[in-house]
Amino acid sequence: MIARRQVLQFVAAAPLLALQSQRAPAQAYPTRPVRVIVTTGPGGQSDTTARLVAAKLTESLGQSFYIENMPGGGGNIAMGAAARAAPDGYTVLGATGNLVTNISLYPKIPYDPYTDFEPISLMCSSPHVLVVHPSIPAQSVNELVALAKASPGKYSYASAGRGTPAHLAGELFKLALGIDITHVPFNGGGPATASTLGGHVPISVSALPTAVTYIRGGQLRALGMFSSKRSSALPDVPSMMEAAGHDLPADIVNGFMVPAGTPKAIIEFLHRETGKVMSMPDTRDKLATMGFDPVASTPEEFALWIRTEIVRWGKVIRDANIALQ
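Our numbering numbers the first residue of the sequence shown as -14 and each following residue consecutively.
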């Protein structure tokens, strides 16, 4: 079985063999613009990475891969629309981590993450990071844990909102380390980070791309990465395993999927072309600037990631008693 950390590593996209009868649809594809549905508004991290890949596919394939933003409902609106789209290769979903968490967060969702989509490729990932305002007298994760345990309920942490990946990463941290700190949800990662920059909520669990500039500038102190390894964007910041002896991966993950029933030859074609984009040096450089590491998984690895992460985050959501309407 493929380990989780192996799935979220950059691998070259290997050429895929297909039967001659399966090649014909891919050879004629695409003959018109392809819609890429994104679960957030313009300028968000999943929007930015999807636009980067879509622009490269447009350039290489000679047909427009255009972004359609469908924010709202924690991603359920976009994922529901993608699930209902015709399975002809002309609708692609820019999938995020909500794909694997919403099934446990909401009493009802308008799609089945197991059966309504066909994976193409995980494209890129970026860890969350635990940061504190410089006024907090903690230089390490263990020192912060000691402060929290000495004064249960005294400290609070900011996140991008209730049920967001940042919130779930924060609850994972609390459960693993056995600490009592209060969650303060904001309407997005920007406002959450601003609250910590101002010292109002002195701790934050942030997406790395949101916080990296302030960490580099010294306005925020990064204590640990929610990843199995250090990030190339901040190589001096330890992983949670290094910092506290717990492996607590909580990545922002972006990938491409299509509605179930899309011809296999088109899936293989899109996988191959997406892999080419992710191997381009300028793509990798742009992702690194944003705090993302490139990933070029197989559809099978993506499917395994979905099954594994649904179970893992479902337990966190139940143990932390999180529910959304």
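Just so it is clear, CB atoms sit at the ideal spot from N, CA and C, and this is done for glycine as well.
query, result
"Cβ separation of P266 and L272, assumed to be a contact under 8 Å, to the nearest whole Å", "Incorrect: roughly 11 Å between the Cβ atoms, too far for contact."
"N306 classed as buried or exposed, judged by whether at least 16 other C-beta atoms fall within 10 angstroms", "exposed"
"8 Å Cβ cutoff met for S45 and N239", "no"
"Beta-carbon proximity check, G203 vs P223, cutoff 8 Å", "no"
"Every unbroken beta strand (DSSP E) inside the stretch 195 to 235 [3 residues or more]", "206 to 211"
"Nearest to I105 (by Cα), restricted to the options G299, V296, P284 and L78", "P284"
"Beta carbon proximity, T149 to chain C, threshold 8 Å", "Structure shown: chain C not included; a single protein chain is present."
"V114 beta carbon less than 8 Å from that of W298", "no"
"Buried versus exposed call for K93 [16 or more other C-beta atoms within 10 Å across all chains shown]", "exposed"
"Whole-Å CB distance - I88 paired with A133, under 8 Å assumed", "The pair is not a contact, with the Cβ atoms about 31 Å apart (cut-off 8 Å)."
"Cβ-Cβ distance between P194 and G74 below 8 Å", "no"
"Coil, strand or helix - R297 by DSSP", "helix"
"With 16 other Cβ atoms within 10 Å as the buried cut-off, status of T148", "In the sequence as presented, Thr is not what sits at residue 148; that position holds Gly. Buried, by the Cβ-count rule."
"Rounded distance between the beta-carbons of P244 and F102, thought under 8 Å", "6 Å"
"Other residues of its chain near M275: CB distance less than 6 Å, five sequence neighbours each side excluded", "P194"
"Classification of K159 by the beta-carbon crowding that lies within 10 angstroms, buried from 16 upward", "buried"
"Contact check, L78 vs I22, beta carbons under 8 Å", "yes"
"C-alpha gap between N127 and L157, whole angstroms", "16 Å"
"Coarse secondary structure for V169, derived from DSSP in three states", "strand"
"Three-way DSSP call (helix, strand, coil) for I307 in this model", "coil"
"Range of the contiguous beta strand (DSSP E) that encloses S264", "Where S264 is concerned, there is no enclosing beta strand (DSSP E), although the alpha helix (DSSP H) it sits in stretches over K249 to S264."
"Whether T293 touches M108 by CB criterion (8 Å)", "no"
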